[in-house]
Every structure is written in C-alpha cells, then in structure tokens.
Amino acid sequence: MTGRAGRHDPPDTPARPAAAGDVRGDDRTDAGPTTDGPPTDRPPTDHRRDRIRLVAMYFTDRGIEELEKRRGEEEITFEWLAEQLRTFVDLNPDFEVPVERLATWLARLEDDEDDEE
Numbered sequence: 001m002t003g004r005a006g007r008h009d010p011p012d013t014p015a016r017p018a019a020a021g022d023v024r025g026d027d028r029t030d031a032g033p034t035t036d037g038p039p040t041d042r043p044p045t046d047h048r049r050d051r052i053r054l055v056a057m058y059f060t061d062r063g064i065e066e067l068e069k070r071r072g073e074e075e076i077t078f079e080w081l082a083e084q085l086r087t088f089v090d091l092n093p094d095f096e097v098p099v100e101r102l103a104t105w106l107a108r109l110e111d112d113e114d115d116e117e
C-alpha cells in the first residue's frame, strides 16, 4: 500500500497514467478536475450552482409576470385566493410550508404597515 488517503488500488497495481490535461505532475489523477486557465488566488467555483440559482429566479419571475399579464385586471376575494391555495397544496404537498408562509405574510401585511406608523 502507498499510504495515501483516497487511493483504492491494490498494492501490486501499477499507477494509472495521467489524464489528459493533468498538470499536477504526479500520478494522482483522482484528486479532482484541473483548470486550463491561469492560476488565481480565488478558490474554484461551481458555476453550475450559479446557473441553477439564476434559472430558479427566472422561473419565479416568469410565473409572477404571467399571473400579472393574464389576470392582473381581475378582482378577487381573499376567500377565493385561500381556496385556490388549499387546492394547490392538496395537489402539491411539498409546497405546503412555502404556501403557508405566503398566506401568513399576506394575512399580516396591513397589520405590519399599521405597526410601523
């Protein structure tokens, strides 16, 4: 055994050849991805996370914009809205907590504004 953490090769197995683009200069090809760009002082970032965050924001805004465009001129009661929220939660139980938070926020919205005066 080589004594290196992370190696799972049997003792008699030769080291694997370096992967294309491996710039570490040793046989540790399982240590993670390499970068082709110049070295920086910043740690590597996972740009996929940033894209997911941006996409999630876009879909949220898109739904609100669609609601405003299609039904923005309509007048509804909070009784009707509460019934629609209940139906939505029945169909999508994973969204119970966010819908409850939204409903509570809407219910207390004017009370919070009155408290600030």
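Counting from 1, position 79 in the sequence shown corresponds to residue 79 in full-length UniProt numbering; the numbering is continuous, with no gaps. Note that CB positions come from ideal geometry on N, CA and C, so glycine has one too. Keep in mind the model is a prediction, meaning the values are calculated, not measured.
Residue closest to residue i, alpha-carbon to alpha-carbon, out of the options
i    : options        : result
E100 : E83, E65, D111 : E83
Cβ separation of residue i and residue j, assumed to be a contact under 8 Å, to the nearest whole Å
i   : j    : result
L85 : A103 : 6 Å
Same chain only: Cβ atoms within 8 Å of residue i, ignoring 5 sequence neighbours per side
i   : result
F88 : F95, V99
First and last residue of the uninterrupted alpha helix (DSSP H) at residue i
i   : result
F78 : 78–91
Sequence-distant residues of its chain with Cβ nearer than 7 Å to residue i (five each side left out)
i    : result
E110 : none
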